[in-house]
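Student: Before I ask anything, here is the structure I am working with.
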Amino acid sequence: MDELELLNRALPDARPPAPEVVARARARVASGTHAPGRAGVRATRRWMRAWWAAPVTVTVVGLVFALVTNLAPPSAPVLTRPNQALYDLADRIERLPAEKGAYWRAVELWGSYVYAPGGYTFLSTFRQDRWLPRKPGGPKLLVSRPGYMMNPLTEADERAWRAAGSPDKITVQCGDGGFCGEVEIKGGHDYCSYTRTDTRGGVSENVFSRLTVAELAALPTGQDALMAWLRAFHKEWAGRDAKPAFEEFLPAASNLLAAPIGPAQRAALIRLLAASPLTKVVGEVRGPLGGRGLSLDFGELDHVFSEQLSRKPFPYQRRIIDVSTGEWLADVSYAGRAIGGEAKGAPLMFAARHVSTGWAEGPPVPPKGCKEMKTVSG
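Residue numbers 0 to 377, in numbering that gives the first Met the number 0, belong to the letters of the sequence shown in order.
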């Protein structure tokens with residue numbers, strides 16, 4: 000069997016090597032071969048030829064293959080899709096088990112940072128607990144805890160504050176939406192109030208606020224069906240003017256990651272967000288209250304975030320989603336420039352999910368010491 004015929008059978012789909020490649024391979028083999036066996040012994044020569052033919056042919060084929068490989072252009076690198084980290088996250092979470100419980104308990108904290116000129120940072124927080132029944136008609140509870148007292152952000156900040164004489168007030172320059180002027184950092188109060196209601200009400204304070212737990216549970220789990228549902232919702236929400244356009248509205252659907260939807264629904268939604276040209280994965284970060292998440296940039300779209308973070312224009316904001324569950328972890332606003340005690344890129348405000356958020360049993364009980372407020376609908 001000819002060497003080229005063997006090569007052709009071994010690599011039937013390969014392009015035949017150039018004649019110069021074959022000639023070079025044969026020349027290299029010929030230069031290194033020696034006559035086998037003793038002359039005059041035909042049987043020995045026939046046996047030796049049979050023994051020698053295979054390695055010679057294999058050598059020629061191997062050299063041709065090596066030369067062709069060396070002359071071939073390098074293979075193109077494997078390209079990943081934009082926002083591949085989101086697709087990977089969706090693949091990880093879509094088969095997570097659904098949680099059980101009679102009540103959805105959403106616990107959120109809002110925080111504001113105060114950067115003192117003395118080099119220390121204080122934090123003011125506001126907490127809200129929302130209890131919603133899985134079955135329609137059950138009682139609901141809303142507990143608010145505005146913590147107006149400023150607290151040192153870390154132990155190092157407290158030491159720096161004490162080293163400065165433990166001032167009751169500090170004066171900070173106006174930054175990009177943060178506190179400014181004279182700020183009281185001692186005193187204040189931790190006020191707690193609650194409201195009971197059994198009327199129809201939504202889960203959150205954003206464009207999807209009117210949806211109930213039951214309506215959220217009925218959201219599609221397929222990408223195409225969920226996209227169709229979002230388009231219909233946008234058409235109703237935006238009205239006749241259809242502003243913003245659906246493409247600009249789509250990032251706002253990430254608000255649903257803070258709602259009680261299942262893993263398959265979150266996975267479908269995350270894939271839709273990953274495919275949006277307005278979505279950019281900034282990287283993996285640590286949330287304001289802990290936990291690891293993917294930081295997402297949706298551009299300058301105020302309606303993307305909850306109302307609490309949209310009341311003031313911040314230089315830039317990021318939405319963070321949990322890398323283990325795909326749930327909303329936090330929204331954070333950052334300083335676009337250095338001013339006063341704020342460094343460029345320093346966090347200014349945040350809204351974050353507390354670790355106690357999730358399905359729980361009920362009925363909900365108001366905390367001791369909380370004052371009951373007038374019942375309102377919603």
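Heads up, the beta-carbon is just placed ideally off N, CA and C, and yes, glycines get one too. Keep in mind that this is a model prediction, so the values were computed, not measured.
Do Pro81 and Ala251 have their beta-carbon atoms positioned less than 9 Å apart in this structure?
Tutor: Result no, Cβ atoms of Ala251 and Pro81 do not sit closer than 9 Å.
Student: Along the chain, where does the beta strand (DSSP E) containing Ala329 start, and where does it finish?
Tutor: 327-333
Student: Could you name the residues of the same chain whose beta carbon sits closer than 6 Å to that of Ala155, not counting the 5 residues immediately before and after it, in chain order?
Tutor: Counting only Cβ-Cβ distances below 6 Å, and skipping sequence neighbours, we find nothing.
Student: What's the C-alpha gap between Ser355 and Arg104?
Tutor: 8 Å
Student: For Phe125, which beta-bridge partners are listed by DSSP?
Tutor: DSSP output for Phe125 lists Trp109, Pro145 as bridge partner(s).
Student: In angstroms, rounded to a whole number, what distance separates the CA positions of Gly180 and Ala115?
Tutor: 11 Å
Student: Measure from the alpha carbon of Glu235 to the alpha carbon of each residue in Pro145, Phe207, Tyr193, then state which is nearest.
Tutor: Phe207
Student: Is the stretch 245-264 touching the stretch 314-329 in the sense that three or more CB pairs, one from each, lie closer than 8 Å?
Tutor: yes
Student: CB-CB under 8 Å to Lys343, same chain, minus the five flanking residues each way: which ones, in chain order?
Tutor: Residues Ala334, Gly335, Arg336, Ala337 of the same chain have their beta carbon placed closer than 8 Å to that of Lys343, with the five preceding and five following residues left out of the count.
Student: Hey, Arg195 and Glu341: beta-carbon distance below 9 Å or not?
Tutor: no
Student: For Arg133, which residues of its own chain have a beta-carbon under 6 Å away from its beta-carbon, when the five flanking residues on both sides are left out?
Tutor: Annotation for Arg133: Ala101, Val212 place their beta carbon closer than 6 Å to its own, counting only its chain and skipping 5 residues before and after.
Student: Work out the CA separation of Cys191 and Leu140 for me, nearest whole Å.
Tutor: 13 Å
Student: When the Cα atoms are used, what is the spatial distance from Glu214 to Val171?
Tutor: 46 Å
Student: From Glu283, Thr220, Ala159, pick the residue whose C-alpha is nearest to that of Asp321; which is it?
Tutor: Glu283
Student: Have a look at Leu277 and Ser165 and give me their C-alpha separation to the nearest angstrom.
Tutor: 46 Å
Student: According to DSSP, is Lys370 helix, strand or coil?
Tutor: strand
Student: Name the DSSP bridge partner or partners of Met348?
Tutor: Ser111, Ser332
Student: Exposed or buried, Gln316, counting other C-beta atoms within 10 Å across all chains shown (16 or more means buried)?
Tutor: buried
Student: Identify which residue in Arg318, Gly289, Arg285 has its Cα closest to the Cα of Asp296.
Tutor: Ranking the options by Cα distance to Asp296, first place goes to Arg318.
Student: Taking DSSP as the reference, what is the three-state secondary structure of Glu306?
Tutor: In this prediction, Glu306 has a pLDDT of 42, which is less than 50 and means its spatial position is unreliable; nothing more can be read from the coordinates.
Student: Shortest alpha-carbon distance to Gly289 belongs to which of Pro96, Asp87, Ala97, Leu108?
Tutor: Leu108
Student: Using alpha carbons as the reference points, say which of Leu268, Trp130, Ala350, Arg239 lies closest to Val364.
Tutor: Per the Cα distances, Trp130.
Student: For Ala163, which residues of its own chain have a beta-carbon under 6 Å away from its beta-carbon, when the five flanking residues on both sides are left out?
Tutor: Gly117.
Student: Give a yes or no on whether the minimum CB-CB distance between Ala216 and chain D is below 9 Å.
Tutor: The structure shown contains no chain D; it holds only a single protein chain.
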